[in-house]
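**Student:** What follows is a single structure, and I will ask about it in a moment.
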Amino acid sequence: MNYKEITRKTYDRSIDIYEKKVLQNYQKVEKLVNIFLKHLTGKKILDLGAGTGNYGKAMKEKGYDVICIDNSEEMVKKCRQKGLIAKVMDIEELDFPENTFDGVCASASLIHIPKANLEKVLKSIKRVLKPGGLFYVGVQTGDGEKFIDGVKLVRGKRFIVYYQEEELKEKLLKYFGIIKIKDSNGWINALCKN
């Protein structure tokens, strides 16, 4: 099995514990969504690696047109149960036309993409974003990439990639303008403009 399959199977098996843990921190979801929407012009949003759809649901409840994608079929089912449009799709192979979305939200999803593949993913995000579109990304602070076992949200192994702020900034600036980037509580959050 490769990193995608291992990570996907872990999320498929852990959906209930994942949902419970994310809902315990729902204020964080609301806060990040509000910051994202404050800078967004337009209504069409792609929730990249949507998980159980908590970010997508929060945006939909505020009147936005959200499409959720995730590599886990179980996560996509959970999104649909919340009334969201959701598709099983690999982040590394976005299947949308150019200039489709006003915003792309990637909270804790690009942490599963090997650094060697990140530029391809960023190019693809840029391609599906409309000119002037907004891109939010949240990744974990640290160094390297590896499989980790368990850790709070899931039961099983996941492939995780860590970044330092300058490293992420350098990669993002190749494709986007950065509105805001902040490193806090073990996470780097960046808001970018296409």
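Whatever position you read off the sequence shown (first residue = 1), add 101 for our numbering. Don't be surprised by glycine CBs; every beta carbon is placed ideally from N, CA and C.
#1: Would you please state the rounded distance, in angstroms, between the beta carbons of A207 and G150? I believe it to be under 8 Å.
#2: Let's see if you can read the secondary structure: which residues bound the beta strand (DSSP E) around F197?
#3: Drop a sphere of 10 angstroms on the beta-carbon of F277, count the other beta-carbons inside from all chains shown, and report buried for 16 or more, exposed for fewer.
#4: Evaluate contact between the segment 223-233 and the segment 177-184, counting only Cβ atoms and requiring at least three cross-stretch pairs below 8 Å.
#5: If we call anything under 8 Å between Cβ atoms a contact, is G164 one with V123?
#6: Just checking: is the beta-carbon of R256 within a distance shorter than 8 Å of some beta-carbon in chain D?
#7: Spatial neighbours of K161 within its chain, please: CB distance less than 8 Å, with the 5 preceding and 5 following residues excluded, ordered by chain position.
#8: By how many angstroms is the C-alpha of F197 removed from the C-alpha of N286?
#9: Keeping to the same chain, check which residues put their C-beta closer than 7 Å to that of S225; ignore five residues upstream and five downstream.
#10: Pick out whichever of I289, G204, K188 has its Cα sitting closest to the Cα of G296.
#11: Just verifying my parser: in three-state terms, what is the DSSP assignment at Y127?
#12: Please state whether DSSP places Y156 in a helix, a strand or coil.
#13: Classify G245: buried if its beta carbon has 16 or more other beta carbons within 10 angstroms, exposed otherwise.
#14: Count the other CB atoms within 10 Å of the CB of M190; is the residue buried (16 or more) or exposed (fewer)?
#15: Using a 10 Å radius around the Cβ and a threshold of 16 neighbouring Cβ atoms, would you call L292 buried or exposed?
**Tutor:** Quick answer:
#1: 6 Å
#2: F197 -> no beta strand (DSSP E), and no H or E assigned at all.
#3: buried
#4: no
#5: no
#6: Here chain D cannot be found, since the structure has a single protein chain.
#7: V167, G184, L185
#8: 34 Å
#9: L195
#10: Outside the displayed span of the chain (102 to 295) sits residue 296, for which this structure offers no information.
#11: helix
#12: helix
#13: exposed
#14: buried
#15: buried
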